[in-house]
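With this note's numbering applied, the sequence shown closes on residue 366, and no number is skipped along the way.
Cβ coordinates follow ideal geometry from the N, Cα and C atoms, glycine included.
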Amino acid sequence: MPQPATPSWQLENIDFSRFDADKARADEDLLCLICASSFIESGSDLYTRNLVTHYQGDEEVQSWLREHWEPEELQHGRALATYMCHAWPGFDWDRAFADFMDEYRTVCTTEQLESRRGLEMAARCVVETGTASLYRAIHELTQEPVLKELTGNIKRDEVGHYSHFYRYFLTYEDREHNGRWRVLGALLRRLREIRNEDGDIALRHVFAWRHPEYNADPQTFRQACERIYALVRRNLPAEMAVKMLLKPLRLPPRLHHGLQTPLTRLSERLALR
Ligand SMILES: [Fe+2]
Ligand SMILES: [Fe+2]
């Protein structure tokens with residue numbers, strides 16, 4: 094049974110006096126992305142409720158979600174929101190976040206989850222791969238010292254979440270015997286979703302309060318989103334992401350290694366487009 098939360102780092106110990114405003118404000122697209130991430134992370138209590146309901150009767154999973162996963166995700170949200178208050182002092186984060194949540198709560202529902210519990214665990218591995226890769230990309234990209242430290246901490250937490258969800262996936266797989274094709278289906282479904290919905294909603298609400306001109310017509314909105322997604326793709330740790338995504342398929346070692354390199358090259362090539 095997991096023990097009560099003892100986070101590996103605490104926001105209160107981050108030294109914001111090292112914040113370098115010039116370096117932070119040198120990349121407005123990156124700040125839009127961080128602000129969007131701060132919204133999604135701060136909405137984690139909603140997601141936790143959905144998952145806790147989904148795993149009704151599994152006390153170990155439920156208590157890990159409530160006592161470890163949720164406090165860590167909410168700390169990510171608080172840390173990034175605090176960062177944004179330094180980067181954009183006039184930005185009304187609370188009101189922008191409230192607007193975001195009004196929309197997010199209508200799409201973040203239990204119907205979105207995989208009906209088989211083991212498949213949802215595999216799908217969670219996709220989400221944690223996405224966040225671990227995103228924060229590692231920002232960590233490598235930024236020259237701003239506070240953001241570098243924050244994203245280093247957050248990235249480690251996300252890799253830890255992946256390990257937990259993967260372990261629970263294995264336990265459920267022993268009972269449910271979903272098999273490789275169903276797991277692949279769940280991985281692909283979640284891969285499609287994370288790109289399309291949450292990110293676009295969050296960015297639209299960031300723009301509404303920071304760059305209303307981006308939302309003024311659909312083409313400008315799409316271009317602004319594409320610019321930001323391309324920034325992430327160019328810096329994505331492709332090898333790490335492919336390795337984490339392939340893991341729940343539990344392929345024979347020779348096939349796994351055979352696929353790892355071409356898939357990494359393919360994702361690097363796609364990232365350059
Ligand atoms: Fe997170
Ligand atoms: Fe996470």
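Can residue i and residue j be called in contact, C-beta distance under 8 Å?
i	j	result
HIS298	ASP192	yes
ALA215	LEU281	no
SER86	GLY183	Nothing about residue 86 can be read from this structure; the chain reaches only from 94 to 366.
GLN168	LEU104	yes
SER360	ALA317	no
GLY136	TYR197	yes
SER226	ALA334	yes
ALA189	VAL325	no
TYR261	VAL154	yes
ILE133	ALA301	no
ALA174	TRP186	yes
THR224	GLU251	yes
Output the boundary residues of the alpha helix (DSSP H) element that contains residue i.
i	result
ASN308	305 to 308
THR175	163 to 180
THR222	210 to 234
ASN143	137 to 147
THR199	186 to 200
ARG260	238 to 269
TYR156	Note that residue 156 corresponds to Ser in the displayed sequence, not to Tyr. Counting along the chain, the alpha helix (DSSP H) containing SER156 begins and ends at 152 to 157.
LEU338	331 to 339
ASP115	114 to 118
GLN205	It is not in any alpha helix (DSSP H) - GLN205 carries neither H nor E in the DSSP assignment.
PHE314	311 to 328
Among the candidates the options, whose CA atom is the shortest distance from the CA of residue i?
i	options	result
PHE258	CYS201, LEU212 and PRO345	LEU212
LYS241	GLN205, PHE132 and TYR228	TYR228
VAL219	ASP293, SER101, ARG358 and LYS336	LYS336
SER256	HIS232, LEU284, LEU277 and GLU221	GLU221
PHE109	MET177, LEU167, GLU121 and GLU286	MET177
PRO345	ARG273, LEU329, VAL325 and HIS304	ARG273
TRP102	PHE112, HIS147, ASP115 and GLU165	GLU165
LEU206	ASP151, ARG358, VAL145 and TYR261	VAL145
ARG210	VAL276, ALA174 and ILE247	VAL276
ARG303	ASN328, GLU121 and ARG326	GLU121
ASP113	ASP151, GLU152 and HIS179	HIS179
ARG315	ASP187, ASP293 and ALA301	ASP293
ASN328	ARG283, VAL252 and HIS232	HIS232
MET194	HIS349, ASP291, LEU356 and GLU251	ASP291
GLN149	GLU163, THR203, ASP310 and GLY253	THR203
GLU163	HIS270, ILE287, HIS254 and GLN312	HIS254
VAL200	ARG347, THR357 and GLU286	GLU286
ARG367	ASN106, ARG111, ILE107 and TRP181	The structure shown has nothing for residue 367, since the chain only spans 94 to 366.
Examine ligand 3 and report whether any of its heavy atoms sits within less than 7 Å of the Cβ of residue i.
i	result
ILE247	Absence of ligand 3 is noted for the structure shown, with ligand 1 and ligand 2 being the only ligands found.
Check the Cβ-Cβ distances between residue i and every residue of chain B, and say whether any is below 8 Å.
i	result
LEU342	Of the protein chains in the structure, only one exists, and it is not chain B.
Is the segment 149 to 164 in contact with the segment 229 to 241, if contact means three or more CB pairs nearer than 8 Å?
No contact exists between the segment 149 to 164 and the segment 229 to 241.
Does the contact criterion of 3 or more C-beta pairs under 8 Å hold for the segment 128 to 148 versus the segment 339 to 347?
Fewer than three Cβ pairs drawn from the segment 128 to 148 and the segment 339 to 347 lie within less than 8 Å of each other, which leaves the two stretches out of contact.
For the structure I just gave you, are there three or more beta carbon pairs, one from the segment 113 to 128 and one from the segment 309 to 325, closer than 8 Å?
Contact annotation: the segment 113 to 128 touches the segment 309 to 325, with at least three C-beta pairs closer than 8 Å.
Residues surrounding ligand 2 [beta-carbon distance to nearest heavy atom under 6 Å]
Residues with their Cβ less than 6 Å from any non-hydrogen atom of ligand 2, running along the chain, are GLU166, GLU221, THR224, GLU251 and HIS254.
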